[in-house]
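Have a look at the structure below, then the notes.
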Amino acid sequence: MIGRLRGTLLVKQAPYLLVDVNGVGYEVDAPMSTFYKLPEQGNEVTLHIHMVVREDSMTLYGFVSEAERSLFRSLVKINGVGARLALTILSGISVDEFAVCVEQQDSASLVRLPGIGKKTAERLIIEMRDRLKDLSLAETTTAAISAGESVDPVQDAVSALIALGYKPPEASRMIRSVSTADAMDSEELIRLALQSAVGS
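Counting from 0, one number per residue, gives the positions in the sequence shown under numbering that gives the first Met the number 0.
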């Protein structure tokens with residue numbers, strides 16, 4: 000099993016990464032919380048990996064901190080929460096913020112995340128209450144935050160939100176609502192859009 004990758008970051012297109020490790024390119028899916036902390040393309044990156052092997056596929060999910068991977072692994076064990084929904088949760092809320100929601104039984108904040116209904120939010124709170132005690136909630140960043148260049152940051156941001164579960168019209172509206180005349184990269188647009196969605 001692959002538990003960790005360290006190599007050159009070749010492609011960074013949310014939620015997709017391509018990491019070159021000694022000449023072998025590994026395709027990795029990652030939440031936006033990890034994208035915010037990635038270096039520019041061409042630099043070295045270290046990722047904690049969760050590998051899923053099925054009869055017809057092998058998928059790698061990457062995280063910059065062990066806390067994120069631990070939370071992801073706990074989430075996918077919950078009935079009705081698959082890997083995609085777990086990535087969406089981690090993209091819209093930090094590990095510490097999620098822990099606070101569970102401890103305070105704040106289902107309203109969880110429902111604001113795409114794909115999370117009232118019943119799912121309540122199930123998350125109930126089933127994660129005990130599991131959070133076993134998680135390391137201290138965020139350990141292994142890569143410096145650095146914005147990457149984008150030819151069309153608005154389109155990149157919209158595409159990323161769609162990949163995270165938002166419908167195209169909603170994704171476009173969210174990005175337009177936070178986009179300004181000032182030059183903004185796609186990661187900043189995505190971060191602001193997700194923060195706005197959770198805070199609304």
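For each residue, glycine too, the CB sits at the ideal point set by N, CA and C.
Just so it is clear, the structure is predicted and the values come from calculations on it, not from any experiment.
- prompt: Looking at PHE62 and ALA29, is the spacing between their C-beta atoms short of 8 angstroms?
  reply: Cβ distance < 8 angstroms, so ALA29 and PHE62 count as in contact.
- prompt: At which residues does the alpha helix (DSSP H) containing ASP129 begin and terminate?
  reply: 117-130 is the extent of the alpha helix (DSSP H) around ASP129.
query: With DSSP run on the structure shown, which of helix, strand or coil describes ILE213?
result: Past the boundaries of the shown model lies residue 213; the chain is included only from 0 to 199, so the question cannot be answered.
query: What does a CB cutoff of less than 7 angstroms around ALA170 pick up in its chain, not counting 5 residues either side in sequence?
result: Only residues of its own chain outside the window of five on either side were considered, and among them VAL157, LEU160, ILE161 have a CB closer than 7 angstroms to the CB of ALA170, listed in chain order.
query: GLN12 bridges to which residues according to DSSP?
result: Answer is TYR15, bridged to GLN12.
- request: Look at the alpha carbon of MET183 and the alpha carbon of TYR35, and state the distance between them as a whole number of angstroms.
  value: Using only the alpha carbons, I get a separation of about 14 angstroms.
task: Could you spell out the range, first to last residue, of the beta strand (DSSP E) harbouring SER178?
output: From DSSP, SER178 is part of no beta strand (DSSP E); its letter is neither H nor E.
- prompt: Bridge partners of PHE62, per DSSP?
  reply: The partner list for PHE62 (beta bridge, DSSP) reads HIS47.
query: So ASP28 is in the alpha helix (DSSP H); what residue range does that whole segment cover?
result: From DSSP, ASP28 is part of no alpha helix (DSSP H) but of the beta strand (DSSP E) over 23-28.
task: Assign VAL110 to one of three DSSP states: helix, strand, or coil.
output: DSSP places VAL110 in helix when its eight states are reduced to three.
message: Just to confirm, is the Cβ distance from ALA196 to GLY79 under 8 angstroms?
response: Taking the C-beta atoms as reference points, GLY79 is found no nearer than 8 angstroms to ALA196.
- prompt: How many whole angstroms separate the CB atoms of VAL101 and ARG128, which I take to be in contact at a CB cut-off of 8 angstroms?
  reply: Rounded to the nearest angstrom, the Cβ distance from VAL101 to ARG128 is 6 angstroms, consistent with a contact under 8 angstroms.
query: Cα separation between LEU17 and ASP105?
result: Spanning the two alpha carbons is a distance of roughly 36 angstroms.
- request: Quick one: grab the DSSP three-state call for SER56.
  value: In the three-state scheme derived from DSSP, where H, G and I count as helix and E and B as strand, SER56 is classed as strand.
field: Same chain only: Cβ atoms within 6 angstroms of ALA142, ignoring 5 sequence neighbours per side
entry: Confidence is the limiting factor: at ALA142 the pLDDT is only 31, short of 50, which leaves the residue's position unreliable, though a coordinate-based value still follows. Residues of the same chain with a CB within less than 6 angstroms of the CB of ALA142, apart from the 5 flanking positions on each side, are LYS36, LEU37, PRO38, VAL44, VAL63 in chain order.
message: Suppose you measure from the CA of VAL150 to the CA of THR33; what does that come to, to the nearest Å?
response: With a pLDDT of only 47 at VAL150, under 50, the local geometry of the prediction cannot be trusted, and the value read off the model is given with reservation. Rounded to whole angstroms, VAL150 to THR33 spans 21 angstroms at the Cα level.
query: alpha helix (DSSP H) containing GLU102: first to last residue?
result: Under the DSSP assignment, GLU102 falls in the alpha helix (DSSP H) whose first and last residues are 94-102.
message: Quick check on this structure: which residue in GLY81, ASP55, VAL20, GLU65 has the alpha carbon closest to the alpha carbon of GLY164?
response: Of the candidates GLY81, ASP55, VAL20, GLU65, the one whose C-alpha sits nearest the C-alpha of GLY164 is GLY81.
- prompt: Looking at GLU26 and ASP59, is the spacing between their C-beta atoms short of 8 angstroms?
  reply: Looking at the sequence provided, one finds Leu at residue 59 rather than Asp. Yes, the Cβ-Cβ distance between LEU59 and GLU26 is below 8 angstroms.
message: Assuming contact is defined by CB atoms lying nearer than 8 angstroms, are LEU123 and ILE77 in contact in what I supplied?
response: In this structure, ILE77 lies closer than 8 angstroms to LEU123 by Cβ.
message: Taking its Cβ as the centre, do 16 or more other Cβ atoms sit within 10 Å of PRO168, making it buried, or is it exposed?
response: PRO168 is exposed by the Cβ-count criterion.
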